[in-house]
Amino acid sequence: MLEALRRIVVDVSSAPDSRTALNLIVARVKAEIGCDVCSVYIADERRAEHVLVASDGLRPDAVGAVRLPRTGGLVGLVAARAEPVNLDDASAHPSYQFVPKTGEAPFHGFLGVPVILARRVLGVLVVQQSARRRFGDDEGAFLVTLAAQVAGVLAQIEVAEYLKPDTGSLGPGKAASRNVILSGTDSVRGVAVGSAVAVRTARVLATTPDRVADDVELELARFRSALQTEIASMRAIRLNMAPRLAEADLALFDAYILILEGGSFAGEVATGIASGNWAPGAVRHVIDRQANQLQALDDPYIRTRADDLRDLGERLLRRLRSTGEQEREYPARVVLVGEDVTATDITDVPVACLSAVVSASGTSASHVAVLARGMGIPAVFGVGNLPVAGLEGLEIVVDGYSGRVCIEPRPQLRREYLRLELEEQALSRDLERLRDHPCATADAHPVSLMANTALFADIAAARQSGAAGIGLYRSEMHFAVRDRFPGETEQAGIYRRVIRMFSPYPVSLRTLDIGGDKALPYFPINEANPYLGWRGMRVTLDHPEIFLTQLRAMLRAGEAGDRYRILFPMISQLPELDEALGLLARARAELLEEGIPVGNPEVGVMVEVPAVLYQVEAYARRVDALSIGTNDLTQYLLATDRTNSRVAALYSGLHPAVLKAIGGVAEQAAPLGCPVAVCGELAGDPAGCLLMVGLGIDSLSTSHASLNKVKWVLKSFTLNQAQRLAQEAVALESPAEVEALLSDALDRAGLGALIRAGR
Ligand code: PEP
Ligand code: MG
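Each residue of the sequence shown is one higher than the one before, starting from 8 at the first, in the numbering used here.
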């Protein structure tokens, strides 16, 4: 049976569509168990029913037509109990319900197992026998195992079933208020109501073939002309977007222009053409190769650069293969929908009309997301089974807070979202006004509010958002966008630029923090438990040649008067810190001996590993400052992988234990005069920032997009109020209780809209 199970799972996962997958499951299970019927029912939560979606043995016309009340019948019993029900004579059971449409009257033997994903019962897998039959233990175990393995497939079908209309297909003019709700896996915050407009361009990159060039010169000329037109078009787009985007976000288009104008791209394509390929084929090769190189990196930010390249490739190929489309008219409020909406798809829509973006794939780290955020519009990504073509013209509500979209919303829901949209617009106007205000509590207790950054584009954005410094510069990003370790002079130039961009405000440069989910393409680390393995300081101490180069570069980057700090990540032992400090002293001595001027940075340690919590004083005595990385501290304290969606519900910086730990660090470091900052995501959370200040933290560093929100929260509470809330919070027992306490406090302070916007 194990082999049968394996084969079914493999075939189901490679089925071209969900319907084939379902039919395959029922046919193969029926054959394997040797029963008369195998069926799958799926829960339709919207209508509180179970729908028969596939069957081998029941009447074919029953599929899609049979709907049972969610809690009714034996299927409902299996779902309600969330465990198998095995009966040799189903008809004698009190929950048995006869459903004539299925033609099931003669069946007696019944075994139903629930299909469960992330604690939710998605549906029920049923086998039946016309004679009395008690299915065996091994058959029950087989079904339970299969159900667990195909639950992911059923989760998608569930969505598709919602879209399967009772009559006819989903489309404009059909029964209004269908209220179909689809969930995405990632989003950009905000809400909008608008009309769906499908991205119009068919993707051509994957389908562009190689072809022998008839005339190499002609192909070269064609490519150059397409390139020039694309560069001009990109410049026009940049100009067009300028009214709605900050300079930092417009930098994306500069980057596109740079790629197009840069010699390496054009040169490689020209070489491809010269070796006999036609222009489209040569473009595809170069884009594929360069994008694949980026894609291979284990870093979501860099992977988005691969998407940018493909996006550019698509545009160039459309020009070369003349698949350009006609001008089209746009509704006043466009929700752009597509399989994989790209940054330049957005630019096709007149800026004033674009209200939201919904994409079947992609993440909030993509450039579309960056643009959406910059334009202040919501976006939802990873919406499985988004019926792109069928959506054109339909009204859609996009809720970037919950990561969901609602197609053809009910009037009441629609009204509510329109109200929220207006409320949000007012909120963002209010927030914008805070940009140049210092950050302080209502009773003027100052809080130093800084930004976390990684690349130059972030730094410019942080500057514009009014950050009072960089509390965390993640240096590994500059390593990740290269194909080798950057040299000392190159690094010194980067760090100098970072410091200068923020001068006279302070900057904390963190040394290389690779491992965990961050890898370098030229320095792979493959481990079974990467977060507990070779990570951060552990890697750099094992490679003094890499570490010393970085330390020398950081020391060289500063000049007299520069306020900056070198920050060591992922320290779990005092000897590690001593070793790092020793290497820093050595780097300084060497530079001075070589007659090279050095800056005068402070030194800080990141508090990310729980062991540090118990030796705070020893750490604080050795360095100038501590910086709590709540992202990792939460992960290690709660033993919850920060990147694992299965345990995402357990991961919360508002867990009382995490709050207690943070308060403890502040308390122990204070008598030693060692400042403590918080630079994890929690610092940018409306509830989190308030609690941090209440716990004695005076320095917060977070994404530049959250800065104004944090200012608004803090100026609405006195220090004493924040302290009282923090005391109450640490005495609670669960993150949910802390959330409720803070939601209530923020709501009472008139910050209800902000709580929504902050989650
Ligand atoms: C942290 O762990 O909280 C942190 C700021 O570092 P990173 O997110 O880069 O691991
Ligand atoms: Mg960290």
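Ideal placement from N, C-alpha and C gives every residue a C-beta, glycine not left out.
Because the structure is a prediction, the values reported are computed rather than measured.
Rounded to the nearest angstrom, the Cβ distance from alanine 690 to threonine 709 is 4 angstroms, consistent with a contact under 8 angstroms. Residue pairing by DSSP puts aspartate 406 in a beta bridge opposite Val198 and Arg411. The beta carbon of glycine 283 is closer than 8 angstroms to those of Val219, Ala220 and Val223 in its chain, skipping five residues each way along the sequence. Excluding residues up to 5 positions away in sequence, Leu519, Asp520, Ile521 and Lys525 lie with their Cβ nearer than 7 angstroms to the Cβ of glutamate 483 in the same chain. Contact annotation: glycine 83 and leucine 75 have beta-carbon atoms nearer than 8 angstroms. Annotated three-state conformation of proline 678 is helix, per DSSP. Apart from sequence neighbours up to five positions away, the residues of its chain that approach glutamate 402 with a beta-carbon distance below 8 angstroms are Val200, Gly201, Ser202, Ala203, Ile414, Glu415, Pro416 and Arg421, ordered along the chain.
Taking a cut-off of 8 angstroms on C-beta distances, the stretch 429-444 does not touch the stretch 392-400, as fewer than three cross pairs fall below it. Residue environment for asparagine 727: exposed (fewer than 16 other C-beta atoms within 10 angstroms of its C-beta).
By the Cβ test, the stretch 235-254 is in contact with the stretch 336-355, since at least three Cβ pairs between them sit closer than 8 angstroms. At a cut-off of 7 angstroms, the beta-carbon of glutamate 399 does not count as near the ligand MG: no heavy atom of the ligand is closer than that. A distance criterion of 7 angstroms places the beta-carbon of glycine 636 in contact range of the ligand MG, judged by its closest non-hydrogen atom.
A distance below 8 angstroms separates the beta carbons of valine 387 and glycine 407. Short note on glutamate 615: C-beta closer than 7 angstroms to some heavy atom of the ligand MG. Relative to the ligand PEP, the nearest heavy atom lies less than 7 angstroms away from the CB of leucine 479. DSSP places phenylalanine 272 within a helical segment (H, G or I) once states are collapsed to three. Residue environment for methionine 8: exposed (fewer than 16 other C-beta atoms within 10 angstroms of its C-beta). Burial is judged here by how many other beta carbons sit within 10 angstroms of a residue's own beta carbon; histidine 444 has fewer than 16 and is exposed. Setting aside the 5 residues that flank it on each side, aspartate 145 is surrounded in the same chain by Met8, each with a C-beta closer than 8 angstroms to its C-beta; the list follows chain order.
When distances are taken from the beta-carbon of glycine 687 to the heavy atoms of the ligand PEP, the shortest one is below 7 angstroms. With contacts defined as CB atoms closer than 8 angstroms, threonine 637 and glycine 611 fail to qualify as a contacting pair. In the pairwise beta carbon analysis, the stretch 311-322 is classified as touching the stretch 284-299: at least three pairs are separated by under 8 angstroms.
In the structure shown, leucine 645 adopts coil according to DSSP, grouped into three states. Histidine 57 sits in a strand when the DSSP states are folded into three classes. Under the Cβ criterion (8 angstroms, minimum of three pairs), the stretch 18-28 does not count as touching the stretch 38-49. Proximity of the beta carbon of aspartate 221 to the ligand PEP is not indicated: no heavy atom of the ligand is located closer than 7 angstroms. Rounded to whole angstroms, the gap between the alpha carbons of alanine 677 and alanine 668 is 14 angstroms. Around the beta-carbon of threonine 236, fewer than 16 other beta-carbon atoms lie within 10 Å, marking it exposed. Leaving aside the five residues that flank alanine 594 on each side, the residues in its chain whose CB is nearer than 8 angstroms to its CB run, in chain order, Leu555, Leu558, Arg559 and Leu562. Residues of the same chain with a CB within less than 7 angstroms of the CB of valine 672, apart from the 5 flanking positions on each side, are Val614, Leu620, Val623, Leu633, Ile635 and Val683 in chain order.
With at least 16 other beta carbons inside 10 angstroms of its own, asparagine 459 counts as buried. Under the criterion of beta carbons closer than 8 angstroms, leucine 12 and leucine 153 qualify as touching, at roughly 6 angstroms. Inclusion of aspartate 95 and arginine 139 in the CB contact set at 8 angstroms is warranted, their separation being smaller than that value.
Residue state for glutamine 622 is assigned as coil, using DSSP reduced to three classes. At a threshold of 7 angstroms, aspartate 648 does not count as near the ligand PEP, since its beta carbon sits no closer than that to any of the ligand's heavy atoms. Judged by the Cβ position, aspartate 95 fails to qualify as a neighbour of the ligand PEP at the 7 angstroms threshold, every heavy atom of the ligand being at least this far.
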